[in-house]
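Residue numbers (the numbering used here): 4 to 206.
Quick reminder that beta carbons are idealized off the backbone N, C-alpha and C, glycines included.
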């Protein structure tokens, strides 16, 4: 009888342990699901912040252009369109041959098939157009000077082909210091494959 009681007690302990283990597993699964949801939300926040940063950069470019005198605007506009067109042609490997900034500060892209407003293009193309315009503006405002270029999650909407093209272009054409802030690892991997010297700082 005593053995039966001991066996019963052991069975109850085992059952209790199994129950506790099951509860622990369920909690772990729920915790993992919450972490996954948090990562997704963090990613969306980063994407939204990247878009806001892109808009701020474009607004700054527009503000700078509008602040120029009327006598300078015509040659400035011609230079900016030509420089930005060269940049966007290289960045897109000729998919877009020309970039136009009109008097109303509207940016258009010529794909050799049709001319579209930049805002009608995909996010990746819009980012490339913004980069092309930004670099042209730097070349105009600080000719011959190696100004630092700060890129904060500027490539979040790029596929690998666009990213390779843009990093290769910057490595060859931009002579100033480039500070690239990102939470991704693909930029460093691509730079390493291309043999580009860079300093990686992990926070």
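A straight-line Cα-Cα distance of about 57 Å links residue 36 and residue 78.
By the C-beta criterion, the stretch 86-103 is judged to be in contact with the stretch 136-144, since at least 3 inter-stretch pairs fall below 8 Å. C-alpha of residue 186 to C-alpha of residue 203: approximately 12 Å in a straight line.
Taking a cut-off of 8 Å on C-beta distances, the stretch 107-124 does not touch the stretch 27-45, as fewer than three cross pairs fall below it.
Residue nearest to residue 182 within the set 28, 145, 163, 156 is 156 (criterion: CA-CA distance).
When DSSP states are grouped into helix, strand and coil, residue 160 belongs to the coil group. In the displayed model, residue 103 falls within a strand according to three-state DSSP.
Judged by their CB atoms, residue 169 and residue 160 are not nearer to each other than the 8 Å cut-off. Going by DSSP, residue 194 is part of the alpha helix (DSSP H) stretching over 189-197.
Residue environment analysis places residue 128 among the buried positions, since at least 16 neighbouring C-beta atoms fall within 10 angstroms of its C-beta.
Taking the C-beta atoms as reference points, residue 154 is found nearer than 8 Å to residue 184. Per the C-alpha coordinates, the member of 55, 86, 117 positioned closest to residue 130 is 55. Your pair residue 91 and residue 132 checks out as a contact, with CB atoms roughly 6 Å apart and the cut at 8 Å.
Counting along the chain, residue 118 sits inside the beta strand (DSSP E) bounded by residues 118-120. Membership of residue 130 in any beta strand (DSSP E) is not indicated; the residue belongs instead to the alpha helix (DSSP H) covering 126-144. Of all alpha-carbon atoms in 34, 95, 118, the one lying nearest the alpha-carbon of residue 167 is that of 95.
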